[in-house]
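Q:
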Amino acid sequence: MTITLEAIEAKQSEISKLIESFKKQSTRSTITILGATIKLEAGEHYAGIILGDDGQPLHHLILLPGDVDEKSWSDAKSWAAEQGGELPTRREQSLLFANLKQCFESRYYWSAEERESDSAYAWCQDFDDGFQYDGHKASSGCRARAVRRIAVGA
Numbered sequence: 538m539t540i541t542l543e544a545i546e547a548k549q550s551e552i553s554k555l556i557e558s559f560k561k562q563s564t565r566s567t568i569t570i571l572g573a574t575i576k577l578e579a580g581e582h583y584a585g586i587i588l589g590d591d592g593q594p595l596h597h598l599i600l601l602p603g604d605v606d607e608k609s610w611s612d613a614k615s616w617a618a619e620q621g622g623e624l625p626t627r628r629e630q631s632l633l634f635a636n637l638k639q640c641f642e643s644r645y646y647w648s649a650e651e652r653e654s655d656s657a658y659a660w661c662q663d664f665d666d667g668f669q670y671d672g673h674k675a676s677s678g679c680r681a682r683a684v685r686r687i688a689v690g691a
């Protein structure tokens with residue numbers, strides 16, 4: 538390959554554009570999470586903070602005590618409501634797996650979310666390997682846990 542002045546100038550121009558683009562990027566972001574005092578009832582566990590779509594803290598997630606086995610999705614949702622909570626979302630289940638895996642059996646647990654492309658199915662989380670799968674909502678092969686949420690700043 539022969540090096541020419543034109544080739545060097547073209548590379549220099551390309552690098553200059555990359556440098557300008559890099560300078561325009563935000564190099565750091567600061568997230569301030571105000572200290573919160575959260576009262577946990579007996580058997581509850583603090584799971585962490587869920588971020589909103591904008592990357593800002595949205596709510597604290599609390600895992601409620603108890604679980605139920607072999608329920609359909611609608612029965613699991615009803616059970617969670619009876620416990621004073623709701624089934625966790627898929628994102629919340631990921632946080633629960635990361636921070637409170639020890640509070641779960643190595644089994645499938647229903648999430649609150651239906652599969653987008655087929656409402657006969659809902660998502661569940663395997664607390665053995667961390668993968669999320671869809672299951673037929675009429676199936677009674679999943680367990681359930683309930684969560685409650687506390688808005689950040691509440």
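Letter by letter, the sequence shown follows residues 538 to 691 of the numbering used here. Built from N, CA and C at the ideal position, the CB exists for glycine as well.
State buried or exposed for Ala544, treating a residue as buried only when at least 16 other CB atoms are found within 10 Å of its CB.
A: exposed
Q: So, are the CB atoms of Ala617 and Leu624 less than 8 Å apart?
A: yes
Q: On a CA-only basis, which of Thr626, Lys548, Ser558 and Ser553 is nearest Ile599? Give me that one, please.
A: Thr626
Q: Spatial neighbours of Ala657 within its chain, please: CB distance less than 7 Å, with the 5 preceding and 5 following residues excluded, ordered by chain position.
A: His673 and Lys674
Q: Quick check on Gln620: does DSSP put it in helix, strand or coil?
A: coil
Q: If you drop the 5 nearest sequence neighbours on each side, which residues of the same chain put their C-beta closer than 6 Å to that of Ala584?
A: Leu598, Leu600, Leu632, Leu633, Asn636 and Leu637
Q: Do you know offhand how far Gln549's Cα is from Asp590's?
A: 38 Å
Q: Check Asp671 in the structure and name its three-state DSSP category.
A: Correct three-state label for Asp671: strand.
Q: Who are the near neighbours of Val684 in its chain, counting only those whose CB is closer than 7 Å to its CB and skipping five residues on each side?
A: Leu598, Ile599, Leu600, Leu601, Gly622, Glu623, Pro625 and Glu629
Q: If you reduce the DSSP assignment to three classes, tell me which class Ser615 lands in.
A: helix
Q: For the candidate residues Leu542, Arg680, Thr541 and Thr539, whose alpha-carbon lies nearest to that of Ala524?
A: With the chain covering 538 to 691 only, the question about residue 524 has no answer from this structure.
Q: Within this structure, are the beta carbons of Glu653 and Ala659 separated by less than 8 Å?
A: no
Q: Measuring straight from C-alpha to C-alpha, what distance separates Asp606 and Ile586?
A: Going from the Cα of Asp606 to the Cα of Ile586 covers about 27 Å.
Q: Would you please state the rounded distance, in angstroms, between the beta carbons of Ala688 and His582? I believe it to be under 8 Å.
A: Going by Cβ atoms, the distance from Ala688 to His582 rounds to 19 Å, so no, they are not a contact pair.
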